[in-house]
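As you go down the protein sequences, you meet chains A and B in turn.
Heads up: the first sequence runs through residues 6 to 429, numbered per my numbering.
Heads up: the second sequence runs through residues 6 to 429, numbered per my numbering.
Number of protein chains: 2
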Amino acid sequence: MTSPVIAVVGGGQLARMMAPAAAELGVHLRVLVESPGTSAAQVVTDAPVGAASEEATIRALIAPPAGQARADVLTFEHEHVPNALLTDLIEHGTPVRPGPHALVAAQDKIVMRTRLGELGVPCPRWRTLPSTVDGGRAALTEFLAEVGGEAVVKLARGGYDGKGVRVVSGADQADDWLVAATEGGPPVLVEEKVPFRRELSALVARRPSGEVRTWPVVESIQRDGVCSEVIAPAPGLSDDVAAQAREIATAVAEGLDVTGVLAVELFEVPADPDGPTTVLVNELAMRPHNSGHWTIDGSVTSQFEQHLRAVLDLPLGSTDPVAPWTVMVNVLGSERESLTDALPELLARFDTARVNLYGKDIRPGRKLGHVNVSGADLDEVRAAARGAAALLMGDDDGRAASTGSREESAAPVVGPVETKESAL
Amino acid sequence: MTSPVIAVVGGGQLARMMAPAAAELGVHLRVLVESPGTSAAQVVTDAPVGAASEEATIRALIAPPAGQARADVLTFEHEHVPNALLTDLIEHGTPVRPGPHALVAAQDKIVMRTRLGELGVPCPRWRTLPSTVDGGRAALTEFLAEVGGEAVVKLARGGYDGKGVRVVSGADQADDWLVAATEGGPPVLVEEKVPFRRELSALVARRPSGEVRTWPVVESIQRDGVCSEVIAPAPGLSDDVAAQAREIATAVAEGLDVTGVLAVELFEVPADPDGPTTVLVNELAMRPHNSGHWTIDGSVTSQFEQHLRAVLDLPLGSTDPVAPWTVMVNVLGSERESLTDALPELLARFDTARVNLYGKDIRPGRKLGHVNVSGADLDEVRAAARGAAALLMGDDDGRAASTGSREESAAPVVGPVETKESAL
Ligand SMILES: Nc1ncnc2c1ncn2[C@@H]1O[C@H](COP(=O)(O)OP(=O)(O)OP(=O)(O)O)[C@@H](O)[C@H]1O
Ligand SMILES: Nc1ncnc2c1ncn2[C@@H]1O[C@H](COP(=O)(O)OP(=O)(O)OP(=O)(O)O)[C@@H](O)[C@H]1O
Ligand SMILES: [Mg+2]
Ligand SMILES: [Mg+2]
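In structure tokens form, the structure reads like this:
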């Protein structure tokens, strides 16, 4: 049987979670991994080792010297890839999905804000800071006055999990980044600090032929700048705001010509839950995203399978949920020697828990796995997902299962933004 | 992270479908494959090549010479393994699950019938035929008279997919098998030809600590002696008969000390749907089974994950269905060059179809994959699953989707048994 071949750059958990979907569809995955034994290398038989930045490595990933089948398409599990090479590959006949013209809007927050503005998509107020200390300070002073004393400064490139995001209240608080920018570091932008009610995520997939499918909009809860929990669908979200979020995701996917899965991170505003709510776009990820891990167990088609279908330009699958609620809780670091040590107690206590471990070495705060639980009672589902994840993190008394309740997370948020600083 | 290691004998689709479950649980699979590139070898990174009958090969599978981690347990995707070796492995400290004392009841239909009888489990009337032509004929004549003219003769060992099963009406119709038996071939048994209403399957998992979980009882439809379709749960099955079937499966798992997944194939009798119904056991499979493929998409815990949990003596997962109905249709052979050629049309027409392809070369009648569809309307679900499977088989006008309706399959069955002969 001749299978389609998909080349994937990046050997982490996102590539790993593509493997089951590829196996089911009869698709051959070839994953470029950073080193032997990475998360994806453990479960993908064709996993050459190399650096994503090396041209020869990427070319060999597509057309292996040993004569294995040529890849039909190149895709990514992260956005850190050299775009000039991608453009060249496309010119020489290899489809790259998403393409570099789309990817740049996920790689650079200034490009992103500019493009979203052009598309008429609602965003926080923002401004690029000039890349000099004096010019940057002056612009920041002005912006702070305009938005009322506090703002969020971000590195345009290279940030992830809140690294590269900082709340400031004085014009000198971004000096280090401004200095770095003068020395070839990433440009810096500033945004109003959005008084959001909560964070949402709208996940969408689009294929080259144009077909687009969105999943139900979810609530995503960050802790210390890192996604810790996702509730699908977002509880109490009005049909109106949900439709708006799905429309925005579709508009962005179409407007930027995205192919594959796109996650649009959103702020639901205003913080006051009594007023009429709307959404602003925070940022974009052009790949399967942490806010979509719930789809593995909670939706007819997972984001991983959908991504593979989309980049092969195959028809997309149903995004219907399979249960009223699915909650995903991340395993962020662990006190344990080995996560699998938690399984006897975890599986006994939570018999509906869908455990997904990424095979990574344990490090503090690191994304090591997640747990999905689906069901009809949100409180029960959430308690089970949190309890199971807490056990994996080595939190045997279930502390994590009882903190950060919905009520807390739904309160007008200062916390999530301010904790950024501790993450830097 | 140190992962549990499970060694699996057999590189077909059953081992292949264990791979996603193993990846999610953070379990390392080591699969003994018959040759490079088999179904499982395509998706399992640790897949040594060798023959299941060779002692050195099995020992190396458990304790690889290159110093990789020792397997924590040995399990199987088929029952064709030398039991003396297994007994020796156990004596030297390697858990073998299911154990040889249980396995033999799935390997040998005479042992199976004898043990089931001892457990008081309802079976068809049966008898071992003496392994001489004269003695066999005499016993068969007597049995045919007893049951009324027709009976089913079976080889005790080595049969699968209906090969080794034959309907007879005359005492000389098993001569070839009787001759073979005198020459070292498998012994022969005869059973009454059960006038069944339909075939059911009760799937159960049991772990060494004793925990047992059963899935909803399904209807399984055979064509030419091969499973072609499974409906979960069995439509219109009375609570009473369903409970009986689940109890039988539990009793067999406990009575034979089975560990891992056990499929109990059942006949629902009598054919007349108006009378009170009951079940008889046809046969046993001690491994994930075709009648349980629906659980991949239709149950909280799939049979593959459950098997891995069971053989590691981990707590078992919920066997609740995730939808009112799930229908599985097998892809048996194909007119196509490549199954993936069917995907554009299939995925466009059936957006809830869960396609699972096994990566096997196409041969007439061969199990090449399956399609699951879940939903609330049985007729729709079934039409979609059949339509999708028909496209994979290259049946573009959807013929397979319109034949073999429930009504036909529910009719008093002679067909399924008589078609056996053509399969031989
Ligand atoms: N303008 C803003 N107003 C308020 N909070 C913000 C703003 N921008 C970012 N945040 C907070 O910081 C978090 C991280 O910001 P952002 O998503 O831009 O950073 P990142 O490092 O790219 O993170 P990711 O891991 O999602 O890629 C957001 O999820 C949100 O909680
Ligand atoms: N005693 C019987 N009376 C009526 N039909 C029978 C009987 N035994 C077997 N059959 C029919 O033949 C089919 C195959 O029989 P059996 O399961 O014993 O064979 P097998 O070759 O071991 O098949 P499998 O592929 O399930 O292992 C059954 O599913 C049933 O349709
Ligand atoms: Mg973000
Ligand atoms: Mg059978």
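Even glycine gets a Cβ: it sits at the ideal position worked out from N, Cα and C.
Note that the coordinates shown come from a computational prediction; the quantities given were computed from them, not determined experimentally.
Under 7 angstroms from the C-beta of residue i: neighbouring residues of chain B
i               : result
S323 of chain A : D356, T357
T43 of chain A  : Residues of chain B passing the Cβ test: none, with the nearest at roughly 12 angstroms.
Start-to-end residues for the beta strand (DSSP E) that takes in residue i
i               : result
Q178 of chain A : Segment: none, Q178 of chain A is in no beta strand (DSSP E) and carries neither H nor E.
G399 of chain B : Premise fails: G399 of chain B is in no beta strand (DSSP E) and is neither H nor E.
G352 of chain A : The amino acid at residue 352 of chain A is misidentified as Gly; the sequence shows Leu. First-last for L352 of chain A: 348–354, but that is the alpha helix (DSSP H), not the beta strand (DSSP E).
T219 of chain B : 217–219
Counted within 10 angstroms of its Cβ, other Cβ atoms place residue i as buried (16 or more) or exposed
i               : result
H312 of chain B : buried
D244 of chain A : exposed
P278 of chain A : exposed
Q47 of chain B  : buried
S427 of chain A : Because S427 of chain A carries a pLDDT of 29, less than 50, the predicted location of this residue cannot be relied on, and the following value inherits that uncertainty. Exposed, by the Cβ-count rule.
A71 of chain B  : exposed
Q73 of chain A  : exposed
T99 of chain A  : buried
H298 of chain B : buried
P281 of chain B : exposed
A254 of chain B : buried
S40 of chain A  : exposed
T219 of chain B : buried
R368 of chain B : exposed
P25 of chain A  : buried
E234 of chain A : buried
T408 of chain B : For T408 of chain B, the predicted model reports a pLDDT of 41, less than 50, meaning its position is unreliable; a value from the coordinates is still stated below. Classification of T408 of chain B: exposed, given that the 10 Å Cβ count is below 16.
G241 of chain A : exposed
Residue i: contacting residues in chain A (beta-carbon distance under 8 angstroms)
i               : result
L30 of chain B  : T345, L348, V360, L362
R314 of chain B : L352
V327 of chain B : V327, A328, S379
L430 of chain B : An answer regarding residue 430 of chain B cannot be provided, because it is not within the stretch 6 to 429 covered by chain B.
R21 of chain B  : A28
Simplified DSSP state of residue i, which is helix, strand or coil
i               : result
I236 of chain A : strand
Q112 of chain A : helix
P326 of chain A : strand
T137 of chain A : coil
T264 of chain B : coil
V48 of chain A  : coil
E433 of chain B : In this structure chain B extends from 6 to 429, so residue 433 of chain B is not present and cannot be described.
L362 of chain B : strand
V184 of chain A : helix
H106 of chain A : helix
T282 of chain A : coil
V386 of chain B : helix
Residues that residue i bridges to, as DSSP identifies them
i               : result
E288 of chain A : A:E270
N335 of chain A : A:H375
L160 of chain A : A:V193
E204 of chain A : A:S225, A:F272
F81 of chain B  : B:V14
T146 of chain B : For T146 of chain B, which the question treats as bridged, DSSP gives no partner whatsoever.
A210 of chain B : B:R218, B:V266
R132 of chain A : A:V195
H33 of chain A  : A:V10
Enclosing alpha helix (DSSP H) for residue i [first to last residue]
i               : result
E96 of chain B  : 88–96
Q73 of chain B  : Taken as a continuous stretch (DSSP letters only), Q73 of chain B belongs to no alpha helix (DSSP H), as it is neither H nor E.
E39 of chain B  : Note, E39 of chain B: premise wrong, no alpha helix (DSSP H); not H, not E.
L66 of chain A  : 60–67
L30 of chain A  : 18–30
F309 of chain A : 308–316
D302 of chain B : 300–303
Proximal chain B residues relative to residue i, where beta-carbon distance stays under 9 angstroms
i              : result
T50 of chain A : A46, Q47, V48, V49, T50, A52
Neighbour list for residue i in chain A, Cβ cutoff strictly below 7 angstroms
i               : result
S307 of chain B : Residues of chain A passing the Cβ test: none, with the nearest at roughly 10 angstroms.
Cβ-heavy atom distance, residue i to ligand 5, below 7 angstroms
i               : result
Y165 of chain B : Here the bound small molecules are ligand 1, ligand 2, ligand 3 and ligand 4; ligand 5 is not part of this structure.
Interface residues of chain A facing residue i [CB-CB closer than 9 angstroms]
i              : result
A24 of chain B : A24, P25, A28, V48
P9 of chain B  : T345, L348
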